[in-house]
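Residue numbers (the numbering used here): 131 to 263.
To start, the structure under review is shown below, and the notes come after it.
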Amino acid sequence: MFRRYFSMTSLVVEEFAVSRITATKAIRRLRDEGLVYTVQGHGSFVGPEDVPRAPRETKPQRIAAELVERIRAGELRPDFPIPSESTLMQQYDVAKGTVRLAVALLREQGWVFTVPQRGTYVTKPEDRPENGV
């Protein structure tokens, strides 16, 4: 069982149309009753503290996973380039660094290889991992 991420105070304010003070008091009361706990720098969570939190997928991980699905589906073929950084930036509405992290994940796992000044290409099926991203 995974713990569920609990909204920040500002989201509670918006969701329930209450003041910030009311939202803060409600979250504090839930915490006092042991229904919610807070991890500094990560947020508030519903449930007991000893239950592991569900990992949050980052944007680069999500982009990499979608590109893997496109490779598996045959939309992106071996020895052909994947879409350019600028195309991926527009397609996913993210910064260049995010796209580069996604491509780095694919490269580390063996789904693609990069040729400097040429682009990033899909690896042959026999060179790919069975599972990934």
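Glycine included, every Cβ here is placed at the ideal spot set by N, Cα and C.
Bear in mind the structure is a predicted one, so any value in this text is a computation, not a measurement.
(1) For the putative contact between VAL242 and THR253, defined by C-beta atoms under 8 Å, what is the C-beta separation to the nearest angstrom?
(2) Along the alpha helix (DSSP H) that carries THR253, what are the first and last residues, could you check?
(3) Identify every residue that forms a DSSP beta bridge with THR208.
(4) Report the rounded CA-to-CA distance for ALA147 versus SER140, giving the unit in angstroms.
(5) Got a sec, what are the start and stop residues for the beta strand (DSSP E) VAL181 sits in?
(6) Using the three-state DSSP reduction, which class does THR244 fall into: helix, strand or coil?
(7) Looking at the unbroken alpha helix (DSSP H) that takes in VAL229, where does it start and where does it end?
Reading it off the structure:
(1) 6 Å
(2) Unbroken run through THR253: none, as it is neither H nor E.
(3) Here residue 208 turns out to be Pro, not Thr, going by the sequence shown. In DSSP, PRO208 forms a bridge with VAL252.
(4) Roughly 10 Å separates the two Cα atoms.
(5) Per DSSP, VAL181 belongs to no beta strand (DSSP E) and is neither H nor E.
(6) strand
(7) 226 to 239
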